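Number of protein chains: 2
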Amino acid sequence: MRRRATIADVARAAGVSPSTASVVFSGKAPVADATRERVLAVAAGLGYTGPDPRAASLRRGRSGIVAVALEEHLRTAFLDPIKTATMDGLTDGLAELGAGVLLLRDDPEAGSDAPTLATAPIDAAVLIGCSGRMRETLQAVRSRGLPVVVIEGDAGDDVPRMELDNGEAAAQIAHHVRALGHRDIAVVTLPFDGAKVRGDATPERIASITTPVTSARLEGTLSVFPDARVVSAASSLIDEGLIAGRMLFADPLTRPTAVIAQSDLLAAGVIRAAEEAGLRVPEDVSVAGFDGIAVDGLGEHVLTTAVQPAVEKGRAAGDAVARMLAGEQAASIRFTCTFREGTTTGPAPVRQPLS
Amino acid sequence: MRRRATIADVARAAGVSPSTASVVFSGKAPVADATRERVLAVAAGLGYTGPDPRAASLRRGRSGIVAVALEEHLRTAFLDPIKTATMDGLTDGLAELGAGVLLLRDDPEAGSDAPTLATAPIDAAVLIGCSGRMRETLQAVRSRGLPVVVIEGDAGDDVPRMELDNGEAAAQIAHHVRALGHRDIAVVTLPFDGAKVRGDATPERIASITTPVTSARLEGTLSVFPDARVVSAASSLIDEGLIAGRMLFADPLTRPTAVIAQSDLLAAGVIRAAEEAGLRVPEDVSVAGFDGIAVDGLGEHVLTTAVQPAVEKGRAAGDAVARMLAGEQAASIRFTCTFREGTTTGPAPVRQPLS
DNA sequence: TTGTAAGCGTTATCAT
DNA sequence: ATGATAACGCTTACAA
Numbered sequence: 001m002r003r004r005a006t007i008a009d010v011a012r013a014a015g016v017s018p019s020t021a022s023v024v025f026s027g028k029a030p031v032a033d034a035t036r037e038r039v040l041a042v043a044a045g046l047g048y049t050g051p052d053p054r055a056a057s058l059r060r061g062r063s064g065i066v067a068v069a070l071e072e073h074l075r076t077a078f079l080d081p082i083k084t085a086t087m088d089g090l091t092d093g094l095a096e097l098g099a100g101v102l103l104l105r106d107d108p109e110a111g112s113d114a115p116t117l118a119t120a121p122i123d124a125a126v127l128i129g130c131s132g133r134m135r136e137t138l139q140a141v142r143s144r145g146l147p148v149v150v151i152e153g154d155a156g157d158d159v160p161r162m163e164l165d166n167g168e169a170a171a172q173i174a175h176h177v178r179a180l181g182h183r184d185i186a187v188v189t190l191p192f193d194g195a196k197v198r199g200d201a202t203p204e205r206i207a208s209i210t211t212p213v214t215s216a217r218l219e220g221t222l223s224v225f226p227d228a229r230v231v232s233a234a235s236s237l238i239d240e241g242l243i244a245g246r247m248l249f250a251d252p253l254t255r256p257t258a259v260i261a262q263s264d265l266l267a268a269g270v271i272r273a274a275e276e277a278g279l280r281v282p283e284d285v286s287v288a289g290f291d292g293i294a295v296d297g298l299g300e301h302v303l304t305t306a307v308q309p310a311v312e313k314g315r316a317a318g319d320a321v322a323r324m325l326a327g328e329q330a331a332s333i334r335f336t337c338t339f340r341e342g343t344t345t346g347p348a349p350v351r352q353p354l355s
Numbered sequence: 001m002r003r004r005a006t007i008a009d010v011a012r013a014a015g016v017s018p019s020t021a022s023v024v025f026s027g028k029a030p031v032a033d034a035t036r037e038r039v040l041a042v043a044a045g046l047g048y049t050g051p052d053p054r055a056a057s058l059r060r061g062r063s064g065i066v067a068v069a070l071e072e073h074l075r076t077a078f079l080d081p082i083k084t085a086t087m088d089g090l091t092d093g094l095a096e097l098g099a100g101v102l103l104l105r106d107d108p109e110a111g112s113d114a115p116t117l118a119t120a121p122i123d124a125a126v127l128i129g130c131s132g133r134m135r136e137t138l139q140a141v142r143s144r145g146l147p148v149v150v151i152e153g154d155a156g157d158d159v160p161r162m163e164l165d166n167g168e169a170a171a172q173i174a175h176h177v178r179a180l181g182h183r184d185i186a187v188v189t190l191p192f193d194g195a196k197v198r199g200d201a202t203p204e205r206i207a208s209i210t211t212p213v214t215s216a217r218l219e220g221t222l223s224v225f226p227d228a229r230v231v232s233a234a235s236s237l238i239d240e241g242l243i244a245g246r247m248l249f250a251d252p253l254t255r256p257t258a259v260i261a262q263s264d265l266l267a268a269g270v271i272r273a274a275e276e277a278g279l280r281v282p283e284d285v286s287v288a289g290f291d292g293i294a295v296d297g298l299g300e301h302v303l304t305t306a307v308q309p310a311v312e313k314g315r316a317a318g319d320a321v322a323r324m325l326a327g328e329q330a331a332s333i334r335f336t337c338t339f340r341e342g343t344t345t346g347p348a349p350v351r352q353p354l355s
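Chain order of the listed sequences is A and B. Those letters in the first sequence? Residues 1 to 355, per UniProt numbering, in order. Those letters in the second sequence? Residues 1 to 355, per UniProt numbering, in order.
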């Protein structure tokens, strides 16, 4: 087989100019019916199935592709209900714009030549959960002049952000817990950074948190409970909450009466750990989450949590990209979480005085 | 601001040829350190951040992007645990190959100019759950000479397929149910086609099923229970199973003693419907699923089901694409499901004779 | 190690 | 309604 036919071949065989043939396929200008028929017939005969998208996108300066960069391994992202809900809204918003979604990882393995924000043929980028490490790649994208929108992250003041009132919502949960009489509190946090460290956090480590969501929620909680014990999880998974919960409930004398988890999945794990330790929720220990998703395996419990508008966040990001691509300005949007009191928090138990 | 700097501008300003500048960025040939430094410095000065991916991909003939086409709306796909598991394996396999994943819908709305298999700058395509409608688009891709792999679908004999032994596994479940003494059976199927019709199916409709998974599993079941009542669901969701279950359990006189659902989610819905109708599972009615995923809200039940290797399926598809891109042949693979007996199937209840 | 030159396949512009 | 032509920005033989 010879080389693939091009639009020039088709044009020549049909006895028209390349521009006419091009127009037949793009429909961007009127063409005589007879001419179109002929071109199409010739194209079919040559096995030409339409313009090469690579060439078209070079010429047009648009590829019709928007990158969605995730901080973590894609496998992890798909497991996170909040991310999928956000993606859902996002793909919706982008579809209206006529763009496809290219899934990208923030940090492709060094050796791999997988596409990155800097090397992929994209028209714009949406970063989900952008933290420090992403900054320099981001710089490359921005200096290419491509629109960038950030969901739950910080990429500088001139990059539109779609974010939550994480601090306020976390504080609201904390207030609720304090109003119930709790004084011995533990916080189970989302990851501090890419390092996936697990366990009790020192003040220094807390000061060095690079993940904006983690630090905003933590600040909200600590504003109410400055002395809370802080334990970080390596990712937002039930199993991670389980591990953290086991740590917290290991010593009956020092265990908290309430645990504030930074995600519903973590909270579900903490609850499981509590039950494993023979503690009743909420009679012996209260547990609160964050996100407002449906969690598997919680049984009859309804989590006390902050419900976030995840789909709307994604859709708003898509809309912002569309606007920027159209040359307009796009503003940051701050979404509001809704506090939901469930059945997993209750009055603080009365401590037995040490006789 | 003037037009964006190109590699030619950089080369000129650095006093080298374009090819040298190109090599500095691609690293495909040795360059004197001094030269590289100079080029890089000049590039930085001009705000040049590397080759335009669109131009590079035209020249190279590769874009580094593989399309993953889903039949349904992305939102729906993400809700399906099997699809996410498959995507998980797939993105893994493709990452090794160094390709990005472009999420595509099979059937973009007519008005939208969203990219399609025919118009996106892709190097290959993976179709998940390809049914009839996708065929013609597919034709365009194949005649562009791009590798195509299909997961759970049929795109012609020369397109490698990653599939399950759906028929055998379904038959195995049916045998299990029959061995328990059941004779009054209902099947709750996955969608027949894109139409999302719901309810009792006529033989004609059954004959016209275009979704391969649905028809393969159904044939397996009918091979054991030729007279089973067949009810189709509009999609693989717990709520759909619930709707189907309500239909089945509406009339105590005609209700089946066992329901074979084509997915675990549907089975979970059927179980919920049974409990809603005051029926105990499995004492009054047995329910079996398909997939082997963890389902939310099943309580203490362990579903009797066929466990499929979803992640492996995806990864194998990624590997197949890699092989085809390397010019090798890729063969179809048929994965085997594992029957798992749970607690949702039991002996058929003894019918009260009508006195 | 660096330079020359020839495209990659398309589409926008401007005539005709 | 159609045609001629010039980019779009880069890469890679091949030559020096």
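Where a beta carbon is used, it is the ideal one built from N, C-alpha and C, also for glycine. Note that the coordinates shown come from a computational prediction; the quantities given were computed from them, not determined experimentally.
- For residue 100 of chain A, the enclosing beta strand (DSSP E) has its first and last residue at 100-105.
- Per DSSP, the beta bridge partners of residue 162 of chain A are A:151, A:333.
- When the Cα atoms are used, residue 298 of chain A and residue 175 of chain A turn out to be separated by approximately 24 Å.
- The beta-bridge partner set that DSSP reports for residue 79 of chain B is empty.
- If one requires a minimum length of 3 residues, the beta strand (DSSP E) runs lying completely within the region 174-216 of chain A are 185-189, in chain order.
- Per DSSP, residue 293 of chain A is not a residue of any beta strand (DSSP E), being assigned neither H nor E.
- Counting only runs of 4+ residues, the alpha helix (DSSP H) found wholly inside the region 210-288 of chain B occupies 212-224, 238-249, 264-276, in chain order.
- Annotated as distal: residue 66 of chain B and residue 40 of chain B, with beta-carbon spacing of 8 Å or more.
- Secondary structure of residue 317 of chain A (DSSP, three-state): helix.
- Cβ-Cβ distances below 7 Å link residue 182 of chain B to 257, 258, 286, 348 in the same chain, with the five nearest sequence neighbours on each side left out; the list follows chain order.
- Contact residues of the region 62-73 of chain B toward chain A are 62, 63, 64, 65, 67, 68, 73 (C-beta to C-beta distance below 9 Å).
- Short of 6 Å from the beta carbon of residue 97 of chain A, and not among the five residues preceding or following it, lie these beta carbons of its own chain, in chain order: 322.
- Straight-line spacing of the CA atoms in residue 290 of chain A and residue 266 of chain B works out to 29 Å.
- Per DSSP, residue 66 of chain A is one residue of the beta strand (DSSP E) stretching across 65-70.
- The closest CA to that of residue 280 of chain A, considering only A:345, A:172, A:234, is found on A:345.
- When the beta-carbon positions are compared, residue 170 of chain B and residue 217 of chain B come within less than 8 Å of each other.
- Within its own chain, the residues whose Cβ lies closer than 7 Å to the Cβ of residue 31 of chain B, once the five positions on either side in sequence are excluded, are 20, 23, 24, listed in chain order.
- Rounded to the nearest whole angstrom, the C-alpha separation of residue 10 of chain A and residue 56 of chain B is 25 Å.
- Of the residues assessed, residue 252 of chain A falls on the exposed side of the cut-off, its CB having fewer than 16 other CB atoms within 10 angstroms.
- Chain-ordered, the chain B residues with CB closer than 7 Å to the CB of residue 57 of chain A read 54, 121.
- Along the region 138-163 of chain A, the positions whose C-beta sits under 7 Å from a C-beta of chain B are 140, 143, 144, 145, read in chain order.
- Using a Cβ-Cβ cut-off of 8 Å, residue 87 of chain A counts as an interface residue toward chain B, since at least one Cβ of chain B sits closer than that to its own.
- Non-local C-beta neighbours of residue 81 of chain A in its own chain, meaning closer than 7 Å and more than five positions away in sequence, comprise 293, ordered along the chain.
- Short of 6 Å from the beta carbon of residue 29 of chain A, and not among the five residues preceding or following it, lie these beta carbons of its own chain, in chain order: 23.
- Nearest Cα to residue 333 of chain A within the set A:165, A:207, A:123, A:91: A:165.
- With a 10 Å radius around the Cβ and a threshold of 16 neighbouring Cβ atoms, residue 121 of chain B comes out buried.
- Rounded to whole angstroms, the Cβ separation of residue 196 of chain A and residue 234 of chain A is 4 Å, and the two are in contact under 8 Å.
- For residue 11 of chain B, the enclosing alpha helix (DSSP H) begins and ends at 7-14.
- A residue is called buried when at least 16 other Cβ atoms come within 10 angstroms of its Cβ; residue 105 of chain A meets this threshold and is buried.
- When only Cα atoms are considered, residue 94 of chain B and residue 114 of chain B end up about 23 Å apart.
- In the DSSP assignment, residue 32 of chain A falls outside any beta strand (DSSP E) and carries neither an H nor an E.
- Per DSSP, the continuous beta strand (DSSP E) segment holding residue 338 of chain A begins and ends at 338-340.
- For residue 115 of chain A, the neighbours in chain B by C-beta distance under 9 Å run, in chain order, 53, 63, 64, 65, 98, 99, 100.
- Cα atoms of residue 326 of chain A and residue 146 of chain B: separation of roughly 32 Å, rounded to the nearest angstrom.
- DSSP places residue 140 of chain A inside the alpha helix (DSSP H), whose first and last residues are 135-143.
- For residue 128 of chain B, the pairing in a beta bridge is given by DSSP as B:70, B:151.
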